[in-house]
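Peer 1:
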Amino acid sequence: MLYACNDGGVFRSPDRGTSWEALNRGLGITEFEFIIHLESQDSWLIGGTQDNGTLGNPSAGKWDQIAPGDGGDCGADDSDNLCYHSYYGIEIERAPATGNKAFKWVDVSPPAPDDYDALFYPPMDVSEKIVAKAGVTLFVSDDSGDSWVEVDFGGAAGEKASAVSIVDRKTIFLGSEKGRLVRIDRARSGWAKATVTQLTSPRSEFVSDIVVLGASKRIIWTSCSAFGGGHVFRSTKGGKTWGDRTGNLPDIPVNAIVIDPKNQRRIFAATDHGVYQSKNSGKKWTDFSNGLPNAVVGDMILHERRRILRVGTHNRGAWEVDI
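Numbering-wise, the sequence shown is residues 198 to 520 according to my numbering.
1. Hey, L220 and F208 are a contact pair by Cβ (cut 8 angstroms); roughly how many whole angstroms apart?
2. Would you mind sorting G488 into buried or exposed? The rule is 16 or more other CB atoms within 10 Å of its CB.
3. With DSSP as the reference, label Y318 as helix, strand or coil.
4. Return helix, strand or coil for R513, following the three-state DSSP convention.
5. Considering only DSSP beta bridges, list what D496 is partnered with.
6. Taking only three categories from DSSP, how would you classify I233?
7. Give the secondary structure of D457 by DSSP, where H, G and I count as helix, E and B as strand, and everything else as coil.
8. Specify the secondary structure class of A264 as computed by DSSP and reduced to three states.
9. Quick check: the Cα distance between K385 and G435, rounded to an integer number of angstroms?
10. Tell me which residue opens and which closes the beta strand (DSSP E) that V337 is part of.
11. Where does the unbroken beta strand (DSSP E) through Y281 begin, and where does it stop?
12. Pick helix, strand or coil for N221, following the three-state DSSP scheme.
13. Taking 8 angstroms as the threshold (C-beta atoms), are F317 and Y281 in contact?
14. Assuming contact is defined by CB atoms lying nearer than 8 angstroms, are S420 and A358 in contact in what I supplied?
15. Should G495 be labelled buried (16 or more other beta-carbon atoms within 10 Å of its own) or exposed?
16. On the DSSP bridge assignment, give the partners of V305 in chain order.
17. Could you compute how far the alpha carbon of F403 sits from the alpha carbon of D469?
18. Can you give me the C-alpha to C-alpha distance between G203 and P399, rounded to a whole angstrom?
19. Please state if the CB of A264 and the CB of I287 are separated by a distance shorter than 8 angstroms.
20. R377: buried (16+ other C-beta within 10 angstroms of its C-beta) or exposed?
21. Within a Cβ cutoff of 7 angstroms, which residues of the same chain sit near D275, ignoring the five residues on either side of it in sequence?
22. In whole angstroms, what separates the C-alpha of Q247 from that of E228?
23. If you follow the beta strand (DSSP E) that Q395 is part of, which residue opens it and which one closes it?
24. So for G244, helix, strand or coil by DSSP?
25. Using a Cβ-Cβ cut-off of 7 angstroms (strictly less than) and excluding sequence neighbours within five positions of V364, which residues of its own chain qualify?
26. Please state if the CB of D322 and the CB of A315 are separated by a distance shorter than 8 angstroms.
27. How many angstroms separate the CA atom of I226 from the CA atom of G509?
28. Among P255, H428, C271, A391, which has the Cα closest to the Cα of G351?
29. Going by DSSP in three states, Y200 sits in which element: helix, strand or coil?
30. Rounding to the nearest angstrom, what Cα-Cα distance links G479 and I520 in this structure?
31. Leaving out the 5 sequence neighbours to the left and right, which residues in its chain are closer than 8 angstroms to T438 when beta-carbon positions are compared?
Below is the structure:
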């Protein structure tokens with residue numbers, strides 16, 4: 198009998214590899230890289246996974262594979278009942294999120310050349326009809342991916358985007374692997390003539406997340422996925438100056454942050470060792486793992502209506518908790 202372990206779990210072959218049997222029933226070991234949900238749906242959730250495609254339709258601990266390959270960043274549009282998934286590289290596919298045509302994917306990838314440079318899993322964000330994905334440049338669509346505009350965000354040669362945050366129909370914030378932070382404002386004529394503003398960088402390391410609060414866009418939170426130095430930063434001046442809000446967080450990478458919309462002093466940080474919470478804007482942090490397995494938390498989202506925090510881990514599946 199031959200046994201094999203890989204990114205998909207544990208398998209057994211009775212005939213020296215000619216055929217294989219999965220032994221994964223009941224094992225919560227999926228390596229989620231990204232997750233997204235629809236605010237209008239109670240339990241609709243999809244997530245990109247390492248080497249095991251994009252998964253969806255979680256029910257009783259079981260997920261369906263809704264797209265193959267390396268599952269990358271995902272997005273969802275409540276207003277148009279659309280969802281998006283991506284592979285490694287700049288490719289994107291779009292499909293209805295629910296109904297008879299749910300997960301019937303069509304290619305809506307930006308027109309990038311074959312040698313386009315980006316992170317293995319490039320960052321993507323979706324807000325209603327606006328879709329944004331970035332590598333060494335930013336691609337933006339105003340029509341759900343039907344057409345695209347490429348924007349130069351002013352990075353150094355080969356510098357790749359690591360975080361993208363759509364604030365509204367006119368403004369996108371972007372962070373890079375080298376710590377660059379950029380604000381991009383749409384011109385009246387469109388994104389082709391967008392204004393690109395270089396912000397002060399709190400740290401020259403991998404920007405993992407950006408959260409912008411308020412119509413003025415002056416309050417910005419950002420996280421850093423690196424060891425040493427600060428991991429969570431806040432600006433109250435639109436990115437001109439920054440304060441280190443790492444507090445007593447352990448020296449581990451922070452991969453995502455969530456701000457409670459009902460109490461903006463309450464911050465959650467997804468780290469390489471679980472989830473932490475601050476109730477005083479990052480002055481003090483406490484472990485909020487609440488029974489979460491010992492795992493890297495790669496992504497985290499808040500279902501605002503149901504008040505549920507959801508996380509995707511790199512080796513122990515997806516979890517949720519009431520807040």
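Note that CB positions come from ideal geometry on N, CA and C, so glycine has one too.
Peer 2: According to the data block:
1. In the sequence shown, the residue the question calls residue 220 occupies position 23. In the sequence shown, the residue the question calls residue 208 occupies position 11. That pair is a contact at about 6 angstroms.
2. The residue given as residue 488 occupies position 291 in the sequence shown. Around the beta carbon of G488, a 10 Å sphere encloses fewer than 16 other beta carbons of the protein chains shown; the residue is thus reported as exposed.
3. Taking the sequence shown and counting its residues from 1, one reaches residue 318 at position 121. If DSSP states are grouped into helix, strand and coil, Y318 belongs with coil.
4. Here residue 513 is taken as the residue at index 316 of the sequence shown, counted from 1. Residue state, collapsed to three classes: coil.
5. The residue labelled residue 496 in the question sits at position 299 within the sequence shown. By DSSP's assignment, D496 forms a beta bridge with G509.
6. The residue labelled residue 233 in the question sits at position 36 within the sequence shown. Collapsing the DSSP output to three states places I233 in a strand.
7. On the sequence shown, position 260 is the one that residue 457 refers to. The answer is coil: DSSP assigns D457 none of H, G, I, E or B.
8. In the sequence shown, the residue the question calls residue 264 occupies position 67. Here DSSP, grouped into helix, strand and coil, assigns A264 to strand.
9. Here residue 385 refers to the residue found at position 188 of the sequence shown. Here residue 435 refers to the residue found at position 238 of the sequence shown. Here residue 385 is Arg; the residue named in the question, Lys, does not match the sequence. Counting only the Cα atoms, G435 lies some 22 angstroms from R385.
10. As a working note, residue 337 is residue 140 in the sequence shown. For V337, the enclosing beta strand (DSSP E) starts and ends at 335-338.
11. Start at 1 with the first residue of the sequence shown, and residue 281 comes out as number 84. Residues 279-283.
12. Along the sequence shown, read from residue 1 onward, the residue named residue 221 stands at position 24. Residue state, collapsed to three classes: coil.
13. Residue mapping note: residue 281 aligns to position 84 of the sequence shown, counting from 1. Residue mapping note: residue 317 aligns to position 120 of the sequence shown, counting from 1. Not in contact: Y281 and F317 (Cβ atoms no closer than 8 angstroms).
14. Locating residue 420 in the sequence shown gives position 223, counting from the first residue. Locating residue 358 in the sequence shown gives position 161, counting from the first residue. Cβ distance not < 8 angstroms, so S420 and A358 don't count as in contact.
15. By 1-based counting over the sequence shown, the position of residue 495 is 298. Looking at its Cβ environment, which holds 16 or more other Cβ atoms inside 10 Å, G495 is buried.
16. Residue 305 sits at position 108 when you count from the first residue of the sequence shown. V305 pairs with nothing; no bridge assigned.
17. Stepping through the sequence shown from its first residue, residue 403 is reached at position 206. Stepping through the sequence shown from its first residue, residue 469 is reached at position 272. F403 and D469: Cα-Cα distance of roughly 14 angstroms.
18. Locating residue 203 in the sequence shown gives position 6, counting from the first residue. Locating residue 399 in the sequence shown gives position 202, counting from the first residue. Residue identity differs from the one stated: residue 203 is Asn in this sequence, not Gly. Looking at the two C-alpha atoms, the distance is approximately 38 angstroms.
19. Counting from one through the sequence shown, the residue named residue 287 turns up at place 90. Counting from one through the sequence shown, the residue named residue 264 turns up at place 67. It is not a contact, given that the beta carbons lie outside the stated cut-off.
20. Taking the sequence shown and counting its residues from 1, the one referred to as residue 377 is at position 180. For R377, the number of other beta carbons within 10 angstroms of its own is at least 16, and it is reported as buried.
21. Numbered from 1 along the sequence shown, position 78 holds the residue referred to as residue 275. The beta carbon of D275 is closer than 7 angstroms to those of L235, E236, S237 in its chain, skipping five residues each way along the sequence.
22. Within the sequence shown, residue 247 is the residue found at index 50, counting from 1. Within the sequence shown, residue 228 is the residue found at index 31, counting from 1. Going from the Cα of Q247 to the Cα of E228 covers about 6 angstroms.
23. Counted from its first residue, the sequence shown places residue 395 at position 198. 387-396 is the extent of the beta strand (DSSP E) around Q395.
24. Walking along the sequence shown from the start, residue 244 turns up at place 47. When secondary structure is reduced to three states using DSSP, G244 falls in the strand class.
25. Taking the sequence shown and counting its residues from 1, one reaches residue 364 at position 167. Closer than 7 angstroms at Cβ, skipping near neighbours: F370, V409, K414.
26. Residue mapping note: residue 315 aligns to position 118 of the sequence shown, counting from 1. Residue mapping note: residue 322 aligns to position 125 of the sequence shown, counting from 1. No, the pair does not count as a contact, with Cβ atoms beyond the cut-off.
27. On the sequence shown, position 29 is the one that residue 226 refers to. On the sequence shown, position 312 is the one that residue 509 refers to. Distance from the CA atom of I226 to the CA atom of G509, rounded to whole angstroms, is 11 angstroms.
28. Locating residue 351 in the sequence shown gives position 154, where the first residue counts as 1. Residue A391 is the option with its Cα nearest to G351.
29. In the sequence shown, counting from the first residue as 1, residue 200 sits at position 3. Three-state DSSP puts Y200 in a strand.
30. Within the sequence shown, residue 479 is the residue found at index 282, counting from 1. Within the sequence shown, residue 520 is the residue found at index 323, counting from 1. Going by C-alpha positions, G479 is about 17 angstroms away from I520.
31. Position 241 of the sequence shown, counting from 1, holds the residue named residue 438. If we look at T438 and ignore the five residues flanking it on each side, its Cβ neighbours are T397, S432.
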